[in-house]
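A short worksheet on the structure shown next.
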Amino acid sequence: MWPGIRSFRQRRYQMTSNRSWTPYLLILPSVAFLALLFVAPLVQTIWLALSENGAPSLANMRTMVNDLNFVPSLRNTFLLALAVVPVQVAIALAMGTLVAKIGAGRETILWIWTIPLGISDLAAGMVWLAILQNTGYLNSLLFGLGLIERQTAWLTYQTPVALFVGIAVAEIWRGTAIVMVIIVAGLNQVPREYREAAEIFGAGPWTRFWRITLPLIRPALQSALILRTVLAFEVFAVVYALGGRNFPVLVGEAYTWQNQNQNYGVAGAYAVLIMVISLAATVVYLKAIKVDPERLP
Amino acid sequence: MADIIIDRVQKTFAAFHALKDVSLTIGDGEFVSLLGPSGCGKTTLLRIIAGLETATAGDVRIGGKTVIGLAPKDRGLAMVFQNYAVFPHMTVYENVAFGLRMQKADDARVKAQVERTAGLLHIEEYLDRYPNRLSGGQRQRVAVARALAVEPKVLLMDEPLSNLDALLRLEMRTELKTVLQSAGTTTIYVTHDQTEAMGLSDRIAVMHYGVIEQVGTPVEVYNHPRTRFVGGFIGSPPMNFIRLPVIAGEVEAGGQKLAVPAGATGEILLGLRGEAVERVSTADGLPMHVRVAEPMGSHLLLTGSIRDQLVRIVLPASETVRGGDTIGLKLDRDRLTWLSPDSGKAYPATP
Amino acid sequence: MSAASATPANFPSSRRWLVWSGIAALCAWVLVPIYLVALGALGGRQGVYQWPKTGLPTGISIEPFLLFLRSEGVTQSFLNSLGAAGITVVLSIALGAPAGYALARYSFVGKDSYRLLVLLTRAFPLAILALPLTVSFIRLGLYDTVYGVGLIHTVLALPFAALVTQGIFLGVPRELEEAAWIFGCSRVQAFFKVVVPLAMPGIVATAVFAFVISWNEVFAASVLTVRNRTLTAYLLTVLSESPMHFRFAGGLLLILPSVVFIFAVRRYLFAIWGISSK
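If you read the protein sequences in the order shown, they are chains A, B and C. Residue numbers for the first sequence follow this note's numbering, beginning at 43 and rising by one. Residue numbers for the second sequence follow this note's numbering, beginning at 19 and rising by one. Residue numbers for the third sequence follow this note's numbering, beginning at 3 and rising by one.
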């Protein structure tokens with residue numbers, strides 16, 4: 043027999059005889075589960091959105107786009123993500139930098155900063171409602187300082203900017219913890235020798251941050267940004283708790299179409315839109331923040 | 019009887035041949051080292067014997083029976099791991115007792131065995147401690163005690179001393195030899211440290227790129243390396259290799275006429291141990307230009323060149339040589355190795 | 003960390019003051035709102051309409067909070083939330099940990115595809131998938147049940163559990179397992195005698211995270227339930243018609259368990275996120 047072919051067949055035989063079924067048995071349950079409850083509903087959603095009475099159709103998409111709330115909800119969701127995510131990353135970086143400078147009490151402070159990690163967006167909405175409602179603490183403070191003369195409403199249809207700021211603040215308050223944890227975990231993996239070496243060679247704190255630390259925590263930054271942005275496009279309960287339907291957002295619209303209008307098709311159209319935006323954001327981050335394993339410690 | 023026969027074992031990882039047709043026979047009670055640089059396949063071979071890795075082809079027989087396809091636990095062997103692999107969630111006592119417990123030995127036997135091996139390795143005081151509170155050397159003792167407690171037919175050791183500091187390594191080496199000599203267990207010892215292999219083994223198998231280059235007693239592999247690699251890997255300083263022209267079956271080395279093995283023509287490679295020389299006057303010997311002289315206390319180490327080829331020579335500590343000097347050397351005829359410069363293989367020793 | 007504690011000593015005191023005031027401000031930023039909602043929850047109806055507020059803990063008592071707990075639907079939805087979170091914990095560990103073990107210990111064809119599938123879930127707003135599931139859940143009798151909510155929450159927690167347990171199992175040296183095999187254990191025995199005890203704290207921490215993920219989820223729970231609401235779904239639906247102090251009490255009730263749990267696993271927070279963000 044031709045030697046090349048024989049060795050090829052031999053290798054194939056060896057590979058199959060070496061292959062163990064154990065890992066496949068181990069991942070099988072989770073694959074089956076995700077297929078049933080992730081992949082299948084994903085396909086279903088897309089079908090729901092792009093069909094009508096069992097035939098492909100853009101009717102749901104048209105209904106969605108022509109809805110009065112569509113443009114505001116799209117705009118609001120984007121504006122919220124744009125306002126919230128950068129601030130969260132900035133605060134998280136500040137937290138990571140500050141906590142690196144202290145010794146005693148580090149653990150306690152990190153714990154305090156991670157508390158919002160356990161808080162749902164609904165609860166965060168309630169928390170900020172206590173502060174921002176008419177007889178709330180913000181008004182009390184402003185009144186005490188003499189800045190306002192009577193109770194001021196912040197969360198109404200007439201005060202869209204204040205409502206937007208309130209929702210953004212609540213989201214920042216709640217969502218920074220997860221960014222902070224990812225970034226501090228990333229910072230912990232950067233040996234301090236790198237920064238010390240840069241310092242020896244004359245780099246100031248600012249240069250050290252931009253030239254040494256930030257490039258080395260790229261993977262953490264990337265995954266924090268992806269996670270946070272996807273979550274930002276899912277924003278819903280915080281908005282609902284603070285502004286009710288005064289401030290339409292995409293997921294809120296999906297919820298309304300599903301539960302109140304009982305129109306699963308349009309709800310599905312919103313879902314598909316949210317997924318497309320989330321995926322696009324992920325792709326943008328993957329392209330924009332290149333993580334080259336060869337340039338990492 | 020627990021002799022081990024490794025019969026044409028091969029191992030490939032994807033396109034990489036970790037082991038190419040390796041055969042080795044190890045007698046009952048023998049201590050054999052697998053010695054070689056990292057990546058030479060020595061650990062892979064050990065793990066195939068242990069059953070932690072599957073050979074791509076070939077057979078391994080322990081005590082006359084093939085163990086291919088047997089789980090590690092059914093091979094009747096014990097192993098000491100490079101990073102000790104002492105269970106952190108068990109006390110030292112339970113660690114040493116682990117193998118016996120798995121054999122469902124009764125408590126009296128467990129206790130007797132643990133106490134005996136703990137005594138051998140001087141860890142009696144730590145028996146109720148957890149390994150996290152032990153030093154590296156102490157953990158290594160626990161790992162050895164755990165292996166000896168089951169009185170294995172075969173003991174495998176994978177670079178057991180490589181994580182210890184130099185002083186501790188020397189101490190543990192001596193102690194291992196004492197303990198294992200009395201146990202009489204068939205032992206395979208993997209190491210990249212030639213002094214360990216030389217000091218401990220009955221025989222050494224020198225491995226390189228998935229092939230056993232030479233098997234022999236420490237003295238054999240030291241004095242009669244069969245390949246250039248073996249000579250260069252064993253010994254400190256390593257063997258020197260000097261290219262010399264062959265004229266009429268002889269080479270000329272500073273007045274000395276040295277007969278070379280039959281069949282060598284053109285050029286030959288002289289394998290010269292650093293200490294197989296004697297200092298003579300420059301006129302009478304092979305001239306060496308000394309670049310650096312390092313007095314090591316027990317001897318004097320010279321680095322320089324002979325015929326423009328780098329050499330390292332060892333002289334008695336009483337000699338005085340400085341960098342820049344030229345000295346004469348007389349070669350010890352009986353301790354020379356002749357190799358083919360093309361294949362790097364040694365010519366059979368001249369009768 | 004000796005290096006970290008050595009730094010403050012040779013730190014100019016003005017910069018040190020700056021660092022600590024920054025830290026204090028950020029701590030206050032996190033803690034003060036929680037304190038204020040607690041005041042709201044314990045202040046009752048009078049507390050809400052007090053004007054102007056002082057921010058001091060005056061006129062508070064546990065009564066208004068207890069009243070809230072006794073009001074209709076709260077206890078039941080609290081229990082439903084516990085149930086759904088319990089199912090999420092059990093399923094995500096039971097399905098995720100074996101996958102994590104496979105990822106940590108085996109190299110197999112399809113490993114990368116599997117990791118991709120798991121990572122892909124992260125780019126999707128998963129709770130949205132509850133929308134099409136409504137129909138199939140109605141057919142399967144899972145609609146408006148704690149089980150259905152637990153299932154969809156497991157989709158959220160499972161990828162996380164698989165990735166994190168992979169890291170945890172990687173943290174148990176392979177050599178320990180091999181040593182167990184050599185000294186007489188079968189693979190299964192070695193797993194339970196050596197791997198499980200050493201991985202347990204990390205697995206518990208993963209379980210706690212799965213719990214928190216489910217406990218806090220609002221959207222899917224609201225879409226998939228009508229009468230058997232979880233706490234979040236219940237609070238969302240009664241939001242517009244409940245008085246302010248009830249909303250604050252609800253917020254506090256949501257916050258308390260997860261804060262306790264986060265405290266319990268604080269030691270693993272950074273290790274886990276270090277792993278799962280790779």
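From the three backbone atoms N, C-alpha and C, an ideal C-beta is built for every residue, glycine too.
Neighbour flag for residue i against chain C, beta carbons, 8 Å
i	result
B/M120	yes
B/A96	yes
A/S162	yes
B/A130	no
B/N101	yes
A/Y186	For clarity, residue 186 of chain A is Gly in the given sequence; the question names Tyr instead. By this cut-off, A/G186 is an interface position.
B/G117	yes
B/H107	yes
B/S90	According to the sequence provided, residue 90 of chain B is Pro. The question's Ser does not apply to it. Chain C contact via Cβ: present.
B/V168	yes
B/L37	no
Any chain A beta carbon closer than 8 Å to residue i
i	result
C/W53	yes
C/S63	no
C/M291	There is simply no residue 291 of chain C to check, as chain C begins at 3 and stops at 280 in what is shown.
C/L135	yes
C/V39	yes
Expected contact under 8 Å - CB spacing of residue i and residue j to nearest Å
i	j	result
B/R291	B/M314	Between B/M314 and B/R291 the Cβ distance is about 16 Å, and since that is not below 8 Å, they are no contact.
B/V172	B/I22	7 Å
B/V208	B/L64	5 Å
B/L42	B/I230	6 Å
A/A123	A/T271	6 Å
A/R253	A/A240	7 Å
C/L233	C/S94	Contact flag wrong, Cβ pair sits at about 19 Å.
Contacts around residue i, its chain only, beta-carbon distance under 7 Å, and the 5 residues preceding and following it disregarded
i	result
B/V237	none
B/G341	V308, R309, V310 and A311
B/T283	V264
Sheet register partners of residue i (DSSP bridge)
i	result
B/H210	DSSP, once it has assigned bridges, lists no residue as partnering B/H210.
B/D176	B/V208
B/T344	B/H307
B/W356	B/L288
Distance, residue j Cα to residue i Cα
i	j	result
C/L135	C/F221	13 Å
C/M3	A/P233	Model confidence at C/M3 stands at a pLDDT of 37, short of 50, so the residue's coordinates are unreliable and nothing is read from them.
C/F281	A/F185	Nothing can be reported for residue 281 of chain C: it is not among the residues displayed for chain C, which extend from 3 to 280.
C/G252	A/W170	13 Å
A/A77	A/A227	31 Å
B/G362	A/L67	50 Å
B/L354	B/I24	32 Å
A/T298	C/Y236	16 Å
B/V239	B/V233	7 Å
B/L139	A/L140	50 Å
B/G250	B/A215	15 Å
B/A223	B/A201	22 Å
A/Y327	B/G57	39 Å
B/E293	B/N241	11 Å
C/V137	C/L105	34 Å
C/L44	A/L315	42 Å
B/I265	B/L276	10 Å
Residue-level contact to chain B via CB, residue i, 8 Å cutoff
i	result
C/F2	Past the edges of chain C, shown from 3 to 280, lies residue 2 of chain C, and the structure says nothing about it.
C/P203	no
C/L178	yes
C/S188	yes
C/G100	The sequence given here places Pro at residue 100 of chain C; Gly does not occur at that position. Judged by the 8 Å Cβ criterion, C/P100 is not in contact with chain B.
Cβ-based neighbour list, residue i, same chain, cut-off 8 Å, excluding 5 preceding and 5 following
i	result
A/F289	N118, P202, L205, F206, I209 and V281
B/N101	N181
C/L133	V225
C/V157	T123, L128 and L131
Residues near residue i in its chain [Cβ-Cβ closer than 6 Å; skip 5 each side]
i	result
B/L166	T135
B/S299	G346
A/I13	A query on residue 13 of chain A cannot be resolved here, the shown segment of chain A reaching from 43 to 339 and no further.
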